Amino acid sequence: MHKGTAARKTLAVIRIANGAAGLLAPEKLLGRLGVDTAVDRAGTYPFRMFGIRTVLIGLDLLLLRGADLRRAERLAVLIHASDTVAAAVTTVRGDLGRRPGITSIVISAVNTALAVTAWKGGRNARTADAVVHQTQ
């Protein structure tokens, strides 16, 4: 399997898994961030919103083809780079504890690296409709 394709599929699976967790078990994700959901459950709402969107963009990386897939790969770089910056800013400001903050930064940075690898691999791929068939 091509390195870009493997990165794209890996990122898609991560997105689908994280999105499903956000949608179905937001309390568990909040707990990993150090939130006591017995005291404050307000974070379940944004995690559920994040969840469905993340599942859908994960499915895009698996199901789209051609120009639509190239666009999804480009947007993945922006999305995950933004997530990495948000995790870093949140950690530096002290909004997250040190350990969950660093974990969030590392996870987001790995996702950004996968997105860049997928985008670079897809950028050089030829779509089926771009191939010129030659007759002998």
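Counting from 1, position 87 in the sequence shown corresponds to residue 68 in my numbering; the numbering is continuous, with no gaps.
Cβ atoms here follow ideal geometry from the backbone N, Cα and C, with glycine treated the same way.
Just so it is clear, the structure is predicted and the values come from calculations on it, not from any experiment.
Among the options, which one has its Cα closest to the Cα of residue i?
i	options	result
I119	W100, V70, N92 and T98	No statement about residue 119 is possible, as the shown extent of the chain runs from -18 to 117 and does not include it.
L45	M(-18), A67 and G103	G103
R34	T(-9), S89, R(-11) and A2	A2
G15	G75, G(-15), L50 and A48	G75
R22	A57, V58, G32 and P7	P7
V97	A57, L50, G24 and G32	A57
R51	K101, K(-16) and V(-6)	K101
L69	M30, V87 and P27	For the record, residue 69 in the displayed sequence is Ala; it is not Leu. The candidate whose alpha carbon is nearest that of A69 is V87.
A(-7)	A53, L11, P27 and S85	A53
Specify the secondary structure class of residue i as computed by DSSP and reduced to three states.
i	result
V113	Only weak support is given to the placement of V113: the predicted model assigns it a pLDDT of 47, under 50, and the question is left unresolved by the model.
L77	coil
T93	helix
K101	helix
L14	coil
V87	helix
If I follow the unbroken alpha helix (DSSP H) through residue i, where does it start and stop?
i	result
H61	G47 to V73
M30	T25 to L44
A(-13)	K(-16) to L5
Round the Cβ separation of residue i and residue j to the nearest angstrom and send it over; I've been treating them as touching at under 8 Å.
i	j	result
G78	T71	Between T71 and G78 the Cβ distance is about 10 Å, and since that is not below 8 Å, they are no contact.
A99	A(-12)	4 Å
L4	R29	6 Å
- Task: Count the C-beta pairs between the stretch -6 to 13 and the stretch 38 to 50 that are closer than 8 Å, then say yes if the count reaches three, no if not.
- Result: Contact holds: three or more Cβ-Cβ distances are below 8 Å.
- Inspect the CB distances between the stretch 74 to 93 and the stretch 53 to 63 and report whether three or more fall short of 8 Å. Contact holds: three or more Cβ-Cβ distances are below 8 Å.
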